[in-house]
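Quick notes on the structure that follows.
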Amino acid sequence: IVALAGILVNQIQPIISPLILALILSYLLYPIIVLLSDRTKLTWRAAVNVVFLILLVLIIAALTASSVALINQVENLVDLVDTFLNDLPEMIDYLATNGLVVAVPFINYEIDLAEYILGLNIDLLCLSEQLLTAVQPVLGQAGGIITTVATSAANVVTWIFFVLAVSYLGLGEARQGRS
Numbered sequence: 001i002v003a004l005a006g007i008l009v010n011q012i013q014p015i016i017s018p019l020i021l022a023l024i025l026s027y028l029l030y031p032i033i034v035l036l037s038d039r040t041k042l043t044w045r046a047a048v049n050v051v052f053l054i055l056l057v058l059i060i061a062a063l064t065a066s067s068v069a070l071i072n073q074v075e076n077l078v079d080l081v082d083t084f085l086n087d088l089p090e091m092i093d094y095l096a097t098n099g100l101v102v103a104v105p106f107i108n109y110e111i112d113l114a115e116y117i118l119g120l121n122i123d124l125l126c127l128s129e130q131l132l133t134a135v136q137p138v139l140g141q142a143g144g145i146i147t148t149v150a151t152s153a154a155n156v157v158t159w160i161f162f163v164l165a166v167s168y169l170g171l172g173e174a175r176q177g178r179s
């Protein structure tokens, strides 16, 4: 019997935390619903509906705003990396031909990067192409990472709506228990 109880607890463990969150949400919303029901001519069920409708609108607005911001940030990052990788050969060529002097002010030392790069005798265009071929698979894996993040976000949203549903159903019947 103890082993069966252990197996049962192990199987229902993922749902215990959301149920506790639903109880906490119900506990927090109960005084608001009592106040709304007592001070207005709304029935208990109507007060519960109003409070949860407002809560649902706030949650959907927050999720929408955060997802739009996240999508914009990812698009900007992809554009930035794409622009950098496409402009890399031209930047390296410009650096090799025009040079860039880096000055170290404390010791009065200047480094001409064009002379330094030419002194190393490195084919910069070949190096930049190798860098591009090395980075492209990483960018290909970014789609998989984004898919994983989106799946996790969908899972969190599902649990949020589960908590809201359990709390809504519990509060909808709460006044009947008091009468």
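Quick note: the sequence shown uses the working numbering, first residue 1, plus one each step.
Each residue gets a CB set at the ideal place from its N, CA and C atoms; glycine is no exception.
Given the structure is predicted, the values throughout are model-derived calculations rather than measurements.
Can you check which of these residues, the options, is closest to residue i by C-alpha distance?
i	options	result
L164	L28, V104, A3 and A142	L28
P14	N155, G172 and R175	N155
Y30	C126, L95 and F52	F52
D82	A62, V138 and F162	V138
Does residue i come out as helix, strand or coil in the three-state DSSP assignment?
i	result
I7	helix
E173	coil
I160	helix
Hey, would you say residue i sits closer than 7 Å to residue j, going by beta carbons?
i	j	result
G172	R39	no
A22	S37	no
G170	S17	no
D112	V101	yes
L85	L132	yes
At the level of alpha carbons, what is the spacing between residue i and residue j?
i	j	result
K41	I32	15 Å
Q194	Q141	Here the chain has residues from 1 to 179 only, and residue 194 is not among them.
V9	V135	47 Å
L88	S128	7 Å
I20	M91	57 Å
D93	S67	39 Å
Sequence ranges, beta strand (DSSP E) only - wholly within the region 33-118, length at least 3: Counting only runs of at least 3 residues, the region 33-118 fully encloses the following beta strand (DSSP E) elements, listed from N- to C-terminal order: 101-104 and 109-112.
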